[in-house]
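Residue numbering for the sequence shown follows my numbering, beginning at 1 and increasing consecutively. Glycine included, every Cβ here is placed at the ideal spot set by N, Cα and C. For reference, the structure discussed in these notes is given below.
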Amino acid sequence: MFSWIFGRSINNNVNEEIIKKVVMELESKKIERELAIKEAYLEREKAYKLAEARESFFWTCPTGLIMSCISIVSSVKQKNIFHLLPLAPIFGVLTYHVHYAFGNKIEIITKNASQLLIEPENNFVTLSPITIEEVEKRKKEYREGKLDFF
């Protein structure tokens, strides 16, 4: 009856608690959605890089094979075995591109990255959870050129 004189009523406290609970639920859903969007963005970026590697392979493979043929023909024609020296790096690069574009190189890189997180002697990698503010700060630093991801 005299609640308006002495302060808030009990009913207002209940309403405030309900409002706080609803706001907390909305904030947690918002954070979950932001993380899901960022994860989807990273997956899309990985798919783009893989597609880019596969497309570039169809340029590097013929170029490497043509250079190999030129080296072999030059070696036979000049009767000089040193003309075959470019074959080793050419085949190394070609096999790396094949493994990256069509093999399981990405899974190997992911496995090695997770091993780096687990091993205790790697001090530079932390397992502490990252906050949204840190992600936004890193994105801002990356855009400004102050931070390099790898």
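Asked: Nearest to residue 102 (by Cα), restricted to the options 61, 42, 24; Found: 61
Asked: C-beta contact flag for residue 71 and residue 86 at 7 Å; Found: yes
Asked: Whole-angstrom distance between residue 84 and residue 41, CA atom to CA atom; Found: 45 Å
Asked: As assigned by DSSP and simplified to three states, the class of residue 151; Found: Summary: the structure shown does not reach residue 151, with the chain confined to residues 1 through 150, and so no result is reported for it.
Asked: Beta-carbon separation (whole angstroms), residue 96 vs residue 53, contact threshold 8 Å; Found: With 8 Å as the limit, residue 96 and residue 53 do not qualify as a contact, their Cβ atoms being about 10 Å apart.
Asked: Local conformation of residue 66 per DSSP, three classes; Found: helix
Asked: Cβ-heavy atom distance, residue 69 to the ligand MG, below 6 Å; Found: Among the ligands in the structure shown, none appear at all, so the ligand MG cannot be discussed.
Asked: Cβ-based burial, residue 145 [other Cβ within 10 Å; buried from 16]; Found: exposed
Asked: Own chain residues within Cβ distance below 6 Å of residue 2, not counting five before or after; Found: Its pLDDT being 49, under 50, residue 2 is placed unreliably by the model, and nothing is read from it.
Asked: C-alpha distance - residue 18 paired with residue 108, whole-angstrom precision; Found: 49 Å
Asked: Cβ neighbour criterion (16 or more within 10 Å) applied to residue 64; Found: buried
Asked: Cutoff 6 Å; reference residue 150; Cβ partners in own chain excluding five residues on either side; Found: In this prediction, residue 150 has a pLDDT of 47, which is less than 50 and means its spatial position is unreliable; what the coordinates show is noted afterwards. Excluding positions up to five away in sequence, the list is empty.
Asked: Closest by C-alpha distance to residue 32, when choosing among 131, 137, 142; Found: 131
Asked: Cα-Cα separation, residue 133 to residue 104; Found: 34 Å
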